[in-house]
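A quick write-up on the structure given underneath.
Residue numbers (the working numbering), protein chains in the order written: chain Z, 1 to 371; chain E, 1 to 294.
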């Protein structure tokens with residue numbers, strides 16, 4: 001009965017989300033705001049992956065900007081080549097200005113749309129898998145892993161700034177077409193938003209499937225007691241690599257969508273600051289839940305655009321305070337507060353299980369078992 | 001040969017800067033296991049302390065020596081405050097500490113931006129540090145020699161304090177076995193605060209020294225933070241000598257690779273080398289043997 005109800009609820013949830021994303025948002029929001037909302041959805045896609053790796057798997061991924069950037073840059077390279085071909089030039093405009101006459105070797109495969117899409121899906125996944133195996137098999141974990149992933153983001157950002165063939169610190173920008181559709185056309189920009197929305201739904205569905213499966217339980221077990229899982233005969237490294245790789249894949253897809261929606265990709269989207277900024281929405285929404293990271297990421301991105309336009313300095317204070325207050329004092333995020341309120345209400349509704357004054361309701365597991 | 005000596009000198013100088021920046025971390029991260037992302041901002045606090053002191057005392061030489069001392073106290077006090085206000089509540093949640101202190105770092109950066117402005121400010125180096133010294137054909141700026149000497153002095157003082165003073169013994173006791181130290185009558189709370197004071201103070205001393213070789217901006221700390229963490233990770237937690245060797249090792253490595261490639265590529269290559277190195281020795285160069293599983 002409960003599973004039936006659960007399944008029904010899930011479908012209803014997806015239905016409501018689909019109606020909101022595909023029906024309500026395009027009608028309510030102007031084209032400009034809709035495109036901005038599309039950007040938030042990209043951040044939400046990254047957040048789903050972080051929720052899986054950090055919230056469920058306990059791996060503090062501080063370098064998601066790397067995979068976001070990889071996806072974004074690969075998409076950007078393809079778009080630049082396509083634009084150049086449309087104009088009949090051999091190289092993108094910024095290379096022409098720099099006096100480059102021939103496309104660099106590593107750019108050439110990205111002329112093919114199929115190769116680009118495949119590379120966006122495969123390359124970051126492969127890098128994450130290789131890195132993950134190297135790191136987790138050697139039982140590098142916790143703080144070490146966090147610092148390494150952060151150093152990776154710093155290294156890639158520095159590398160990108162130095163690459164004039166990738167636009168240096170300006171990155172890639174001024175795209176005219178997206179797989180043959182002109183980006184000036186509002187209808188095509190709206191299509192991009194729909195693609196982002198559909199991708200978000202798919203990604204959430206995939207993450208839900210992973211979390212509900214036996215694998216999801218193993219992942220949580222690794223987070224809570226890695227040694228015990230090892231003693232039971234599983235290899236925690238494999239379990240962690242999968243979550244890390246999936247998170248990287250999501251980030252790469254998000255980056256590839258971000259580039260055409262926002263119209264640029266630059267080292268400033270790759271480094272440490274943006275990589276850690278991805279985390280704040282996840283923490284606020286509730287890192288262990290499925291939808292918490294999505295709503296948190298969208299909410300934070302929205303607040304950032306609202307506030308930073310008018311009070312840029314105050315926004316940074318707010319961001320810092322959010323990190324301190326949410327992570328330090330409400331590690332479960334808004335989802336945790338919601339769960340607490342729900343328990344309170346249920347308790348109040350059933351006088352038979354009213355809390356006895358001697359047993360404070362601090363332990364969520366005990367409370368769950370009692371009801 | 002000249003090139004070799006020149007690169008050695010550059011590496012030595014870079015290593016001493018890394019060492020100064022990482023020494024405080026070797027205490028707070030290495031000894032206590034706290035990931036303090038605001039460590040970079042304590043370096044920045046040192047830089048601005050040097051700037052403010054020089055606004056008051058115009059003699060560059062006197063102000064440098066005074067700001068080394070004032071910086072240590074100011075940085076240390078801020079570190080101790082951070083420990084008391086936030087970090088001690090979350091010793092059992094190291095990853096959350098990382099994010100919370102990152103938030104603190106963001107706020108400190110913005111405070112600096114609001115007080116001193118976003119553009120970089122400069123501190124005048126004293127005249128007796130102008131020019132360079134000729135060492136076997138390679139000209140080394142005196143400011144860099146000063147930093148090298150300062151780094152060596154700081155390491156020596158820290159090592160002596162940890163080794164022989166009662167306070168150092170307490171710190172080591174708490175690191176090695178917190179429960180046993182407490183039952184022996186050591187106040188672990190007070191020891192934690194002291195450790196944090198020294199670690200953050202050393203960061204600020206590094207900041208004061210860094211004003212000699214570059215200008216100060218609110219984000220200066222960030223650029224050193226990751227490198228400092230990598231030094232401590234490579235050196236291994238819980239020991240100062242690992243940090244020293246790792247700092248100079250990475251300094252030499254960086255300067256030699258940079259000579260053969262570019263600055264940005266060198267950083268990436270060094271990072272790859274560190275990852276490979278951690279495959280071989282996940283616990284860093286030196287480890288304190290424990291019986292725990294982790």
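Note that beta-carbon positions come from the ideal geometry of N, C-alpha and C, so glycine has one too. These numbers were taken from a predicted model, which means no experiment stands behind them.
Run of the beta strand (DSSP E) containing residue i, from where it starts to where it stops
| i | result |
| --- | --- |
| residue 46 (chain E) | Run containing residue 46 (chain E): none in the beta strand (DSSP E); it sits in the alpha helix (DSSP H), 39–56. |
| residue 70 (chain E) | Note, residue 70 (chain E): premise wrong, no beta strand (DSSP E); alpha helix (DSSP H) at 60–85. |
| residue 132 (chain E) | 132–135 |
| residue 138 (chain E) | 138–141 |
Interface residues of chain E facing residue i [CB-CB closer than 9 Å]
| i | result |
| --- | --- |
| residue 313 (chain Z) | 110, 113, 114 |
| residue 316 (chain Z) | 106, 107, 109, 110, 113 |
8 Å Cβ cutoff, residue i in contact with chain C
| i | result |
| --- | --- |
| residue 304 (chain Z) | Here the protein chains are Z and E, and chain C is not one of them. |
Within chain Z, partners of residue i - CB distance below 7 Å
| i | result |
| --- | --- |
| residue 264 (chain E) | 158, 159, 161, 162 |
| residue 267 (chain E) | 155, 158 |
| residue 275 (chain E) | 134, 148 |
Contacts that residue i makes with chain Z (C-beta to C-beta distance below 8 Å)
| i | result |
| --- | --- |
| residue 282 (chain E) | 138, 139, 140, 144 |
| residue 96 (chain E) | 327, 328, 331 |
| residue 278 (chain E) | 135, 138, 140, 144, 148 |
| residue 86 (chain E) | 324, 328 |
| residue 90 (chain E) | 328 |
Residue burial classification, residue i (beta-carbon count within 10 angstroms, cutoff 16)
| i | result |
| --- | --- |
| residue 254 (chain E) | buried |
| residue 361 (chain Z) | With a pLDDT of only 38 at residue 361 (chain Z), under 50, the local geometry of the prediction cannot be trusted, and no value is derived from it. |
| residue 337 (chain Z) | exposed |
| residue 275 (chain Z) | buried |
| residue 1 (chain Z) | Confidence in residue 1 (chain Z) is poor, its pLDDT being 44 and thus under 50, which makes the residue's placement too unreliable to answer from. |
| residue 294 (chain E) | For residue 294 (chain E), the pLDDT reaches just 45, beneath the cut-off of 50, and the residue's location in the model is therefore unreliable, leaving the point undetermined. |
| residue 254 (chain Z) | buried |
| residue 106 (chain Z) | exposed |
| residue 359 (chain Z) | Interpretation of residue 359 (chain Z) is limited by its pLDDT of 37, a score under 50 that renders its predicted location unreliable; the figure taken from the coordinates is listed afterwards. Residue 359 (chain Z) comes out exposed. |
| residue 8 (chain Z) | exposed |
| residue 185 (chain Z) | exposed |
| residue 191 (chain Z) | exposed |
| residue 18 (chain Z) | exposed |
| residue 267 (chain E) | buried |
| residue 249 (chain Z) | buried |
| residue 302 (chain E) | Since the first and last residues shown for chain E are 1 and 294, residue 302 (chain E) lies out of range. |
| residue 287 (chain Z) | buried |
Option nearest residue i by Cα separation, candidates the options
| i | options | result |
| --- | --- | --- |
| residue 106 (chain E) | E:5, E:237, E:33, E:219 | E:219 |
| residue 229 (chain E) | E:195, E:284, E:144 | E:284 |
| residue 213 (chain E) | E:54, E:70, E:145, E:118 | E:145 |
| residue 68 (chain Z) | Z:286, Z:329, Z:128 | Z:128 |
| residue 132 (chain E) | E:140, E:125, E:126 | E:140 |
| residue 247 (chain Z) | Z:28, Z:7, Z:154, Z:121 | Z:121 |
| residue 281 (chain E) | Z:73, Z:201, Z:89, Z:138 | Z:138 |
| residue 271 (chain Z) | Z:156, Z:330, Z:215, Z:325 | Z:156 |
| residue 40 (chain Z) | Z:280, Z:150, Z:301 | Z:301 |
| residue 323 (chain Z) | Z:285, Z:237, Z:130 | Z:285 |
| residue 175 (chain Z) | Z:252, Z:262, Z:239 | Z:262 |
Partners in chain E for residue i, counting only beta-carbon separations shorter than 7 Å
| i | result |
| --- | --- |
| residue 276 (chain Z) | 102 |
| residue 150 (chain Z) | 226 |
Terminal residues of the alpha helix (DSSP H) in which residue i lies
| i | result |
| --- | --- |
| residue 240 (chain Z) | 236–262 |
| residue 13 (chain E) | 2–25 |
| residue 260 (chain E) | 240–260 |
| residue 282 (chain E) | Run containing residue 282 (chain E): none; DSSP gives neither H nor E here. |
| residue 62 (chain Z) | First-last for residue 62 (chain Z): undefined, no H or E at that position. |
| residue 120 (chain Z) | 113–137 |
| residue 26 (chain Z) | 25–28 |
| residue 235 (chain E) | 220–235 |
| residue 324 (chain Z) | Per DSSP, residue 324 (chain Z) belongs to no alpha helix (DSSP H) and is neither H nor E. |
| residue 186 (chain Z) | 186–212 |
| residue 226 (chain Z) | 226–231 |
| residue 104 (chain Z) | Counting along the chain, residue 104 (chain Z) falls outside any alpha helix (DSSP H), and DSSP gives it neither H nor E. |
| residue 312 (chain E) | Chain E is shown only over 1 to 294; residue 312 (chain E) falls outside these bounds and no answer can be derived. |
| residue 288 (chain Z) | Element bounds for residue 288 (chain Z): n/a, residue is neither H nor E. |
Heavy atom of the ligand COA within 7 Å of residue i beta-carbon
| i | result |
| --- | --- |
| residue 43 (chain E) | Here there are no bound small molecules, and the ligand COA is not part of this structure. |
Interface residues of chain E facing residue i [CB-CB closer than 8 Å]
| i | result |
| --- | --- |
| residue 279 (chain Z) | 99 |
| residue 147 (chain Z) | 35, 226, 229, 230, 233 |
Positions along the stretch 231–254 of chain E whose CB lies within less than 7 Å of some CB in chain Z: Against chain Z - using a Cβ distance shorter than 7 Å - the residues of the stretch 231–254 of chain E are 233.
Which residues, in order along the stretch 320–343 of chain Z, keep a beta-carbon less than 8 Å from a beta-carbon of chain E? From the stretch 320–343 of chain Z, only 320, 321, 322, 323, 324, 327, 328, 331 have a Cβ closer than 8 Å to chain E.
What are the residues of the stretch 110–140 of chain Z that lie near chain E, defined by any Cβ-Cβ distance shorter than 9 Å? Per Cβ criterion, the list reads 131, 134, 135, 137, 138, 139, 140.
Would you list, in chain order, the members of the stretch 31–61 of chain E that have their beta-carbon closer than 7 Å to a beta-carbon of chain Z? If you check each beta-carbon in the stretch 31–61 of chain E against every beta-carbon of chain Z, the ones closer than 7 Å belong to 35.
Positions along the stretch 282–297 of chain Z whose CB lies within less than 8 Å of some CB in chain E: Those would be 283, in chain order.
Any residues in the stretch 18–33 of chain Z with a beta carbon nearer than 8 Å to a beta carbon of chain E? Which ones, in chain order? Within the stretch 18–33 of chain Z, no residue has a Cβ that lies closer than 8 Å to any Cβ of chain E.
Determine which residues of the stretch 44–68 of chain Z have a Cβ less than 7 Å from any Cβ of chain E, and write them out in chain order. Residues 60.
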